[in-house]
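So the structure is just underneath, and the comments pick up after that.
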Amino acid sequence: MTTVEKPCNKDGGLQGPAPGTKFSPTYRDHLSASLLPDEIWITILESGCTFPPEIFERVMLNLIKNPNVTSSHLFRADVYYDSGPDRLKYFDSGGLGERGWTRHLKPQYHPRAPGPEWEEKGYEVIRTIVREMIPRNPQLDRPLSMREEEQISVVLYVPHVDTIADMPFYHPAVSQLAFIYTWRYVLQQANNLAQGSVAIAYRLFDGQDMNKKLERTALRLGETIHKHGQGQLAGYEKRVHLDQIIPQKRYQDTYTRLKAKYGRQLSEKWVEVTDPGKHVFEDIGIAAFLVELWKDMYSDLPRDDEHESKVAEEPATGSSDTVSAEERQDGEERNEKPPFPGFVDIGCGNGILVYILLAEGYRGWGFDARQRKTWTIFPPHIQACLQQKLLVPELLHPPTQETPEIYHNGVFEPGTFIVSNHADELTAWTPLLAYLNQSAFIAIPCCSHDLTGSRFRAPAVTKAAKQHQIASETRLPQQEENPDATTTADDNNNTAPNEKDANTKPQPSNTQAAETGTLKKSPGQKSMPSAYATLCSYICSLSEEVGYVPEKEVLRIPSTRNQSIIGRRRRRDPHQDIKGEGDGAGKSVREEEVVGVVERELGMSVQTVGGEWIARAEKLARKPGSGH
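All residue numbers for the sequence shown refer to full-length UniProt numbering, where the first residue is 1 and numbers rise by one.
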């Protein structure tokens, strides 16, 4: 894409749309020759706007880099070249005689010039971006390379195709697409008149006629630009930040590969009454994230091309094939990534995640309190790695009592990566089990349970963190505005009457955007985090209490319970990964620390906690298994 700009007079621009901030498109047949270089262009619509040029530039740059905002058929855009706003103002076509930066690019990624007619009309190329749009289903549509041109006056999309037959489904079937932005430099009026306008125009292929689909596409694009622009003007704040740990490209490429490999076969074999579209693709997404996370943490991992027939030909080695302490120590001494230690999925549910990871060549196993019907659709060697077990942590089970065979004491091979995916009763125990086993972990919380397995509303931080006022790193964004947000109702009731102003009336905290004219939340609205948000914060606080530096990532999965907490580094050395350090005297020290955490959080002895835990676990095992 090449950005073109034409200077305009202070009173220039279209005498256009009606005033107001609502998207109200006006349909026109042609645009004035002063804006577009020739009459080949067809203007589809134009709408007034009140957001200034700098917001239009930000919105268009976001849409260029994230085309999935306007098309659900797309994952993202990979940018191969960006001249940037500060480069020299000449067009770089990538030829061998060019002075520019595109000579190293493959021919299909060389920028395409917008044509001499633009320069003749006084436009200047000021920025060029070459992107490749990545479809969600590459078997249906191929990627499309495109040059993007963005600036205050015109943002020009030039697809790198020569005929209409080569245009993918997810892109408007036109030769070029232009977004024309005009801003009038007039005094701000009290009635909030629109000072700008955004128009959308097509340049059709030779012999192509206009149709209703292209009109609908233009309307959708116009609505999106107007919504994003007016939203930024009104103070919109992005609440969810994705891809903080694993880059979007790596995750989506792996997800696409796993989806093509396992999605259809698992959906067709689904035997549960629940929706396979949710559970199958949710676990594929989690598997893709783990595969990429483990690439950053461990060595000796299977390559993507090594396991095409892994499921059909050879059984996985399961949890018994572990890395020796000597091998792990050698890796540490060489300051290299340690070998992959294997994984265990606690509360594995339908077993799909375990199946995919095993099929991809990763050693591991999973267990759940109840067997699932889905386990029967897997090959025998996969079923052997799925076990019905009740997790009863070793420190909760009285040593004088006989241990039933169905119990698992939560002791794994040192360093085993612990996966806790919507494990409910096991979620709060996940960082504690990881600490006891010198392991790294990932927890994806769902429902809130305390350390006895009982349902409760989790506080934002542990009691110890609250007492020592070390909750700043786990404090929710909502609580930064109101430090008292973590104070419990009981604490508030302990305030003496004379410490409050009796004449002060409580202010409403649920004022709507229509009443205030802004999308910004008031401090009162920000101080009420959801039960799920406080649960995630509580798991982070538990992790910190046993020495982890928790990392949070919002996963790209089809679930509202998509927050993950990863523990792979210790606080004593933020740059040191969890590698497992054996047993011995350290084990008893860790057990004492965990007992202290449990008793402090619940206000009861660990023996009492164990009794309640075992009773609930055995009751849970008698219930029929669900889809997850």
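Glycine residues also receive a C-beta, built at the ideal position from the N, C-alpha and C atoms.
Terminal residues of the alpha helix (DSSP H) in which residue i lies
i, result
"Phe289", "276-297"
"Pro116", "116-120"
"Ala440", "Note, Ala440: premise wrong, no alpha helix (DSSP H); not H, not E."
"Ala178", "Not the alpha helix (DSSP H): Ala178 falls in the beta strand (DSSP E), residues 176-183."
"Lys65", "53-65"
"Leu74", "Element bounds for Leu74: not the alpha helix (DSSP H) but the beta strand (DSSP E), 74-82."
"Thr128", "Run containing Thr128: none in the alpha helix (DSSP H); it sits in the beta strand (DSSP E), 124-135."
"Tyr251", "248-258"
"Thr217", "212-233"
"His468", "463-468"
"Leu266", "264-268"
Residue i: first and last residue of the uninterrupted beta strand (DSSP E) it sits in
i, result
"Cys49", "41-49"
"Asp345", "343-346"
"Leu620", "No beta strand (DSSP E) holds Leu620; the alpha helix (DSSP H) holding it covers 606-621."
"Ala423", "Run containing Ala423: none; DSSP gives neither H nor E here."
"Gln563", "563-567"
"Gly196", "196-203"
"Tyr157", "154-159"
"Glu545", "Note, Glu545: premise wrong, no beta strand (DSSP E); alpha helix (DSSP H) at 531-545."
"Lys552", "551-554"
Burial state of residue i, where buried means 16 or more other Cβ atoms lie within 10 Å
i, result
"Arg372", "buried"
"Asp162", "exposed"
"Ser197", "buried"
"Glu336", "exposed"
"Met297", "buried"
"Gly277", "exposed"
"Val271", "exposed"
"Pro338", "buried"
"Arg127", "buried"
"Val354", "buried"
"His171", "buried"
"Lys389", "buried"
"Thr462", "buried"
"Phe343", "buried"
"Ile352", "buried"
"Gln232", "buried"
"Glu117", "exposed"
"Gly610", "buried"
"Gly229", "buried"
"Asn211", "exposed"
"Tyr27", "exposed"
Cβ neighbours of residue i in the same chain (closer than 8 Å, five flanking residues each side left out)
i, result
"Leu555", "Gly285, Ile286, Phe289, Ile444, Asn562, Gln563, Ser564"
"Ser454", "Glu612, Arg616"
"Thr70", "Leu63, Arg220, Leu221, Thr224"
"Asp450", "Ala428, Phe456, Ala458, Glu601, Leu602"
"Ser299", "Gly331, Glu336, Lys337, Pro338, Pro339, Phe340"
"Val411", "Glu394, Leu436, Asn437"
"Ile418", "Phe343, Val344, Ile346, Phe412, Thr430, Leu433, Ala434, Asn437, Ser439, Ala440, Phe441, Ile442"
"His226", "Phe23, Ser47, Cys49, Val198"
Own chain residues within Cβ distance below 6 Å of residue i, not counting five before or after
i, result
"Ile566", "Ile442, Glu551"
"Pro302", "Gly361"
"Glu591", "Leu395"
"Asn409", "Glu394"
Residues near residue i by beta carbon distance below 7 Å, same chain, minus five either side
i, result
"Val595", "Leu395, Val606"
"Met167", "Pro159, Val161, Ala173"
"Leu258", "Ile284, Ala287, Ala288, Ile356"
"residue 646", "Past the boundaries of the shown model lies residue 646; the chain is included only from 1 to 628, so the question cannot be answered."
"Leu426", "Ile346, Gly347, Leu391, Ser420"
"Ile164", "Ala173, Phe205, Gln208"
"Lys65", "Ala77, Val79"
"Trp375", "Gly351, Gln383, Leu386"
"Ile40", "Arg203"
"Gly97", "Note that Gly97 scores a pLDDT of 45, beneath 50, so its modelled location is shaky and nothing firm can be said."
beta-carbon residue i near the ligand COA non-hydrogen atom, thresh 7 Å
i, result
"Ala621", "Inclusion of the ligand COA in the displayed structure is not the case, the ligand content being empty and no account of it being possible."
Cβ of residue i within 8 Å of any chain B Cβ
i, result
"Pro404", "Looking for chain B here will not work: only one protein chain is present."
The segment 263-272 contacting the segment 525-544, beta-carbon criterion three pairs below 8 Å: no
Mind the definition here: the segment 235-250 touches the segment 215-227 only if three or more C-beta pairs lie below 8 Å; say whether that holds. no
Can we say the segment 354-366 touches the segment 433-451, given the rule of at least three CB pairs closer than 8 Å? no
Please confirm if the segment 597-605 is in contact with the segment 342-358, defined as three or more CB-CB distances below 8 Å between the two stretches. no
Report the start-end ranges of each beta strand (DSSP E) in the segment 359-385 that is 3 residues or longer and not cut off at the edges. 364-368
Below 8 Å, how does it come out for the segment 247-254 and the segment 47-57: are there three or more Cβ pairs, yes or no? no
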